[in-house]
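Accompanying notes for the structure given below.
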Amino acid sequence: MPELPEVEVVRAGLARHVVGRAIAAVEVLHPRPVRREPGGPAGFVAALVGRTVTDARRRGKYLWLPLDSGDAILGHLGMSGQMLVQPVGAADERHLRVRFSLVEPALSVVEPALSLLEPAPSVVEPAPSVVELVETTPLELRFVDQRMFGGLSVSVGGAELPAEIAHIARDPLDPQFDDAAFVRRVRRRSSAIKRQLLDQTLVSGVGNIYADEALWRARLHGERPGDRLTGAQVTELLGHCREVMLEALGQGGTSFDALYVNVNGQSGYFDRSLNAYGQEGRPCARCGTAIRRISFMNRSSYFCATCQRPPRNRSVPH
DNA sequence: ATCGCGACCTGGTTGC
DNA sequence: TGCAACCAGGTCGCGA
């Protein structure tokens, strides 16, 4: 499930392979992923054809591609979304929903070396062989999404920050994230701490998996009310959110070098490094107690009942 | 205003 | 064997 680290890997891939290219054609193969588009599939296509992608940005789990028109393509991967960069002619994926045909911008055709002299600031300079492939092969950006919880839309004037996601908080890896304000807000609410971690208006990018992992590291049960936690506890928990997502990002980093931008590989993090999520019945890495699974917020929550004591003053069935 | 829940989706797995 | 129920869960919208 794409959470912040996986979405960031996708963003970096788009920054490398898509930014600077022009959109020659758009094909919407299923209407649902563009359901948020006021103009429907036709409006979506019309707003994009002929535009050039100027950047690849992210806030929380949302991605957007600013365009030379001042608009942006706003996207969310949902549960199963992928952004794939494929050569023209590659077989269609089973759940291909939207296809963008990308052409080289005129500048690169005339002066192919320019992009080498001016790499995007936040992107590691790609290996020469990759650059050659990218700049000589016609590409497609493909939105593939089996379950279609994800979506794409055109955000009018949204190049800097789409108005549609103005309510989404900064994420913990954003240098401008306000730790003190987060701690203050959490401690003002009686809502369960896990619910607050998943509230994208408080902190973005954290999903069910990294919430469980951060709570395990902090030795906190997800049903503990926020207003019953100390400032030190919330601060430590926030640090664990950062830590666990940075570790996952590090393990997903290998796909930065691939032309094939994939989020479904789950960054390799899932196979080895999870201490709580999905570990029902396995011994806790700290104390050996079997990890338990409970239903919370109509989701699964995994925790160690020894290290993460459930709150006492609540009528929680067990 | 805040809070919490159901709906939206598909396909793999489980249960009868 | 066949079919129904269940499960995965991010986000939105609605009702309390």
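The first sequence stops at residue 337 when you use my numbering, and every number in between is there.
Ideal Cβ positions, reconstructed from N, Cα and C, are used throughout, including at glycine.
The alpha helix (DSSP H) with residue i in it runs from where to where?
i	result
Pro85	Looking at the DSSP string, Pro85 is not in any alpha helix (DSSP H); the run it does join, the beta strand (DSSP E), is Tyr81 to Pro85.
Leu67	Gly59 to Leu67
Ile184	Where Ile184 is concerned, there is no enclosing alpha helix (DSSP H), given that its DSSP letter is neither H nor E.
Trp237	A small fix is needed here, since residue 237 is Ala in this sequence, not Trp. Its alpha helix (DSSP H) spans residues Asn227 to Ala237.
Val263	Gly250 to Gly271
Please classify residue i as buried or exposed, where buried requires at least 16 other C-beta atoms within 10 Å of its C-beta.
i	result
Ser274	Caution applies to Ser274, whose pLDDT of 42 falls short of 50 and renders its modelled position unreliable; the value that the coordinates give is listed next. Answer is buried; the Cβ neighbour count reaches 16.
Glu299	exposed
Arg247	exposed
Arg77	buried
Pro140	Note that Pro140 has pLDDT 44, beneath the 50 cutoff, so the model's placement of it is unreliable and the number below is only indicative. Under this definition Pro140 is an exposed residue.
Gln270	buried
Ala267	buried
Cys306	exposed
Val107	exposed
Ser314	exposed
Pro145	With a pLDDT of only 47 at Pro145, under 50, the local geometry of the prediction cannot be trusted, and the value read off the model is given with reservation. By the 10 Å Cβ count, Pro145 comes out buried.
For the beta strand (DSSP E) that contains residue i, what are its first and last residues?
i	result
Arg312	Arg311 to Phe315
Arg77	Arg76 to Arg78
Val28	Where Val28 is concerned, there is no enclosing beta strand (DSSP E), although the alpha helix (DSSP H) it sits in stretches over Leu23 to His36.
Between the C-alpha atoms of residue i and residue j, what's the straight-line distance to the nearest angstrom?
i	j	result
Arg318	Arg35	35 Å
Arg312	Ala43	49 Å
Pro52	Leu115	10 Å
Pro181	Gly100	20 Å
Arg203	Thr71	42 Å
Ala251	Val222	17 Å
Val26	Cys326	30 Å
Leu216	Ser172	26 Å
Ile92	Val29	14 Å
Pro191	Tyr81	14 Å
Ser210	Val104	41 Å
Ile184	Leu23	15 Å
Val47	Thr73	22 Å
Val150	Thr156	In this predicted model, Val150 has a pLDDT of only 46, less than 50, meaning its place in the structure is not dependable; the value taken from the coordinates is given anyway. Approximately 10 Å, taken between the alpha carbons.
Cys360	Phe63	The requested residue 360 is not part of the displayed model; the chain covers only 20 to 337.
So, under 8 Å CB-CB, residue i and residue j are touching, yes? Tell me the CB distance rounded to an integer number of Å.
i	j	result
Ala41	Leu121	7 Å
Val253	Val205	5 Å
Leu33	Leu84	7 Å
Met20	Ile310	Going by Cβ atoms, the distance from Met20 to Ile310 rounds to 19 Å, so no, they are not a contact pair.
Gly170	Arg54	6 Å
Pull up the DSSP beta-bridge partners for residue i, would you.
i	result
Tyr321	Arg312
Thr71	Ala41
Ser120	Ala44 and Glu159
Ala211	Pro244
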